[in-house]
Amino acid sequence: MTYRITRRRDRRMMGRAFALARLNQGLTGENPSVGCVILDRDGHPVGEGVTALGGRPHAEEIALDEAGEAARGGTAYVTLEPCRERSNGSPSCSARLKEAGLARVVCAIRDPHPLADGGVTALRLAGIRVDIGLGRHTAAGLYDRFFRSIG
Numbered sequence: 001m002t003y004r005i006t007r008r009r010d011r012r013m014m015g016r017a018f019a020l021a022r023l024n025q026g027l028t029g030e031n032p033s034v035g036c037v038i039l040d041r042d043g044h045p046v047g048e049g050v051t052a053l054g055g056r057p058h059a060e061e062i063a064l065d066e067a068g069e070a071a072r073g074g075t076a077y078v079t080l081e082p083c084r085e086r087s088n089g090s091p092s093c094s095a096r097l098k099e100a101g102l103a104r105v106v107c108a109i110r111d112p113h114p115l116a117d118g119g120v121t122a123l124r125l126a127g128i129r130v131d132i133g134l135g136r137h138t139a140a141g142l143y144d145r146f147f148r149s150i151g
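Heads up: the sequence shown begins at 1 in full-length UniProt numbering, then just goes up one per residue.
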């Protein structure tokens, strides 16, 4: 696959992830509304998710549940860094992405929240390719209020 085709697909899929994130914006409690799209290893969409009303489950969890085994070797597009840790003790989104066997995660922007910060590092330590920054200006606008609430 050529670089140009890959970049075009990346932009399109991140755009879809942002469209999903906007669906529940302002309806997810203290959590930000995140969008996630998962492609299988051949580049076909197999799962989508948006942070649920009230903030749980997270977008990545919903998308992974929808994708099932088809996520293995695929790519996830996420509008905000997947969480490294969960306050309720359940597996973090970065752990779930790792367990699903994804080959690549494309993340628009890092999350400064203490429970999320480090999700990208955890994914990279697991051998998953992580690309950060596609759509970062859109993400900065979308999550401005959330980022300011953290301090």
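Cβ coordinates follow ideal geometry from the N, Cα and C atoms, glycine included.
Fair warning: this is a prediction, and the values are worked out from it, not measured in the lab.
Quick one: what does DSSP say residue i is sitting in, helix, strand or coil?
| i | result |
| --- | --- |
| Leu27 | coil |
| Gly55 | helix |
| Gly151 | coil |
| Gly43 | coil |
| Ser73 | Checking the sequence shown, residue 73 turns out to be Gly, not Ser. Three-state DSSP puts Gly73 in coil, outside helix and strand. |
Tell me whether the beta-carbon of residue i lies closer than 8 Å to the beta-carbon of residue j.
| i | j | result |
| --- | --- | --- |
| Cys83 | Ala59 | no |
| Val34 | Ala19 | no |
| Met14 | Gly135 | yes |
| Leu53 | Asn24 | yes |
| Phe146 | Pro57 | no |
| Ile38 | Gly73 | no |
| Glu81 | Ala116 | yes |
| Thr28 | Gly55 | yes |
Work out the CA separation of residue j and residue i for me, nearest whole Å.
| i | j | result |
| --- | --- | --- |
| Val105 | Tyr77 | 6 Å |
| Arg86 | His137 | 26 Å |
| Val120 | Pro91 | 15 Å |
| Asp10 | Gly118 | 23 Å |
| Ala103 | Arg129 | 6 Å |
| Asp40 | Arg96 | 16 Å |
| Pro112 | Leu123 | 16 Å |
| Gly133 | Arg110 | 8 Å |
Tell me, to the nearest whole angstrom, how far the beta carbon of residue i is from that of residue j; I am working on the premise that it is less than 8 Å.
| i | j | result |
| --- | --- | --- |
| Ala140 | Ala100 | Their Cβ separation, rounded to whole angstroms, is 28 Å, which puts Ala140 and Ala100 out of contact at 8 Å. |
| Val46 | Ala17 | Not quite, the Cβ-Cβ distance comes to about 14 Å (not below 8 Å), so this is no contact. |
| Leu125 | Thr79 | Their Cβ separation, rounded to whole angstroms, is 22 Å, which puts Leu125 and Thr79 out of contact at 8 Å. |
Say the cut is 7 Å; is the CB of residue i nearer than that to a heavy atom of the ligand MN?
| i | result |
| --- | --- |
| Gln25 | For the ligand MN, the structure offers nothing, since it holds no ligand at all. |
Start-end ranges of the alpha helix (DSSP H) lying completely within the region 75-140, minimum 4 residues:
93-99 and 119-125
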